[in-house]
Structures are given as structure tokens and as C-alpha cells.
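What follows is a short report on a single structure.
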Amino acid sequence: KVIDDGVGMIVEKLEELGIADNTIVIFTSDNGGSPQVTDNGPLRGGKGTLYEGGTREPMIVWQPGRICGGRVSELPTNNYDFYPTLCQLTGTPLPEGFEPDGTSIADELLGTGKCDAERPLYWYFKIQGRKNGGRWCSSVRAGDWKLIEFHDTGEKELYNLREDPGETRNRIGDAPERRNASQNNSPTGAGKRKNKHRNPDFFIKKHSSCISNNSNNFNGSFGSPQSPSPSRAPSRRPRKRRIRYPRPRSS
Numbered sequence: 060k061v062i063d064d065g066v067g068m069i070v071e072k073l074e075e076l077g078i079a080d081n082t083i084v085i086f087t088s089d090n091g092g093s094p095q096v097t098d099n100g101p102l103r104g105g106k107g108t109l110y111e112g113g114t115r116e117p118m119i120v121w122q123p124g125r126i127c128g129g130r131v132s133e134l135p136t137n138n139y140d141f142y143p144t145l146c147q148l149t150g151t152p153l154p155e156g157f158e159p160d161g162t163s164i165a166d167e168l169l170g171t172g173k174c175d176a177e178r179p180l181y182w183y184f185k186i187q188g189r190k191n192g193g194r195w196c197s198s199v200r201a202g203d204w205k206l207i208e209f210h211d212t213g214e215k216e217l218y219n220l221r222e223d224p225g226e227t228r229n230r231i232g233d234a235p236e237r238r239n240a241s242q243n244n245s246p247t248g249a250g251k252r253k254n255k256h257r258n259p260d261f262f263i264k265k266h267s268s269c270i271s272n273n274s275n276n277f278n279g280s281f282g283s284p285q286s287p288s289p290s291r292a293p294s295r296r297p298r299k300r301r302i303r304y305p306r307p308r309s310s
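Going by the numbering used here, the sequence shown wraps up at 310, each residue one higher than the last.
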């Protein structure tokens with residue numbers, strides 16, 4: 060209720076100033092709710108995890124007269140898409156030679172075109188042992204499939220989010236079975252090529268190297284892997300240094 064009231068006050072002020080039609084409002088979050096105080100069901104996990112309860116958040120984009128309301132988009136997106144999106148919506152050119160981490164979803168918002176729903180999205184979480192279940196892990200999603208690797212044990216989990224949004228069935232062991240079924244259903248192999256994005260074995264081979272233990276050194280581009288580095292345990296947080304203030308001199 061407090062958040063709803065606060066957003067309402069902002070919108071009312073925009074309308075009062077007469078700039079609502081020329082303002083883009085984005086309502087979202089950087090992570091899911093903490094399991095200690097919220098219920099993310101039917102999604103699994105919450106803040107501090109890379110399950111859907113920790114990475115899937117509500118997002119509302121509002122601009123009267125330009126972005127049509129009452130629509131729901133199924134396009135997977137991430138917060139690093141905001142920069143190129145806002146540049147396109149406002150007609151602002153990107154800096155010369157600059158390649159943004161994200162992709163503009165302006166066409167999806169305006170209803171003027173479709174964006175790539177199969178592009179991979181990456182997450183990286185290098186904090187171990189949080190009370191809410193956080194573990195050192197990486198994940199990648201492309202289309203309906205999502206692959207998670209836990210770097211503390213090396214185990215991997217694979218989920219089809221369209222069939223199983225609650226991530227209750229780990230499909231990592233189904234890959235050979237589904238691959239063979241795809242080949243058997245198409246003697247010429249055409250079916251396998253056509254349905255490769257629905258095949259978990261294809262997904263694992265294509266994306267696993269991006270989140271493997273040997274690619275745990277990520278730069279500031281929200282999941283773009285740098286050159287491989289030797290596997291290592293997560294580094295400890297630096298100790299907080301006590302700040303010493305000089306005592307006031309006695310007069």
C-alpha cells in the first residue's frame with residue numbers, strides 16, 4: 060500500500076505539472092521479494108537466488124497516449140534493456156562506438172514490432188551462505204529454457220519455464236532422451252533442426268560454456284563472460300575498517 064500510494068503521488072504530480080504525456084514511468088524491481096517477508100508463489104525462491112522467485116519481477120511501463128495500456132507482454136527482458144529502450148523512445152542516439160549490454164524493447168512497448176524472444180539473458184550471483192538460501196551460481200535463459208549452475212558443487216539444473224514456471228522438475232537428465240526422440244521423429248533430421256530451441260540437450264551445449272566454472276569472472280556488463288579463468292572459491296568480503304576520528308583538542 061505504501062508503494063502504491065507513493066507511485067500515485069508521483070503520477071498525480073506529473074499530471075498536475077502537465078508533463079504526464081511527455082514522461083515515461085517504469086515500475087519494476089531489481090530482484091524478487093525476500094522469502095522472510097513475502098510470498099513469491101507459485102514461483103520458486105526469492106531475493107538472493109536465481110530461481111524465478113528471485114529474478115522475475117513485475118514491470119509496468121506507462122506513457123499516456125503513446126504506450127497503449129491494458130496489454131500484457133510475454134517477452135523476456137532485463138533491467139539492462141532500459142538504457143537502449145529509453146534512448147529509442149526519446150529519439151536519443153547512443154554514443155558513437157558504444158555497444159549497450161541490453162537490447163531495446165521499444166517496438167514491443169509501442170506495438171510497432173516484435174523483439175527477439177530467444178536471445179539469451181544472463182545472471183550471476185557471487186554471494187554464498189545468505190540466510191535466504193543464496194548460493195554462488197550463474198544462470199542463462201533463452202526462450203522457454205533456463206539453465207542454472209551452482210559453482211560451489213558444480214551441479215546444474217534445467218527448467219522449461221513455459222511448462223514449469225515453478226521450477227519443480229529438473230530436466231537436466233532428460234536431455235539425451237529428448238534428443239533421441241527428436242531424431243526418431245524426423246528420419247531426415249529436419250525436425251531436430253527445426254525444434255532445436257525446444258531441445259534441452261541443444262540448449263545445454265549452446266549455453267553451458269557461458270556459465271561454467273571456468274567462466275566465473277564476469278565484468279560490469281551484467282553477465283557477459285570474460286576470458287576463462289581458473290575455478291576458484293568465492294572471495295571473502297573485505298573487512299570493514301574502523302574509522303578513527305581525531306579527538307577534539309582541549310582548550
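Using N, Cα and C, we set each Cβ at its ideal position, and we do this for glycine too.
Between the stretch 213-223 and the stretch 136-149 there are fewer than three C-beta pairs closer than 8 angstroms, too few to call the two in contact.
Boundaries of the beta strand (DSSP E) harbouring Lys215: Lys215 to Asn219, taken from the DSSP string. Contact annotation: the stretch 99-107 does not touch the stretch 60-80, with fewer than three C-beta pairs closer than 8 angstroms.
When DSSP assignments are scanned along the stretch 134-201, the uninterrupted stretches of alpha helix (DSSP H) that are 4 or more residues long and fall wholly within it turn out to be 141-149 and 165-169. In this structure Gly77 is not in contact with Thr114, their Cβ atoms being roughly 38 angstroms apart against a cut-off of 8 angstroms.
Excluding residues up to 5 positions away in sequence, Leu134 lie with their Cβ nearer than 6 angstroms to the Cβ of Ala176 in the same chain. Val131 and Ile83 do not touch by the CB rule: their CB atoms are close to 18 angstroms apart, not below 8 angstroms.
Annotated three-state conformation of Leu109 is coil, per DSSP.
In the assembly as shown, Ser88 is an exposed residue. Its beta-carbon has fewer than 16 other beta-carbons within 10 Å.
Only residues of its own chain outside the window of five on either side were considered, and among them Leu109, Thr114, Ser197, Ser198 and Gly282 have a CB closer than 7 angstroms to the CB of Trp182, listed in chain order. Each residue's CA atom was taken as its position, placing Thr212 and Pro159 some 33 angstroms apart. Burial of Phe184 is indicated by the presence of at least 16 other C-beta atoms within 10 angstroms of its C-beta.
Between the alpha carbons of Leu148 and Gly232 lies a gap of roughly 44 angstroms. Counting only residues of its own chain and dropping the five nearest sequence neighbours on each side, Met118 has a CB closer than 8 angstroms to the CB of Ile85, Phe86, Thr87 and Thr136. According to the DSSP assignment, Ile119 belongs to the beta strand (DSSP E) that extends over Ile119 to Trp121.
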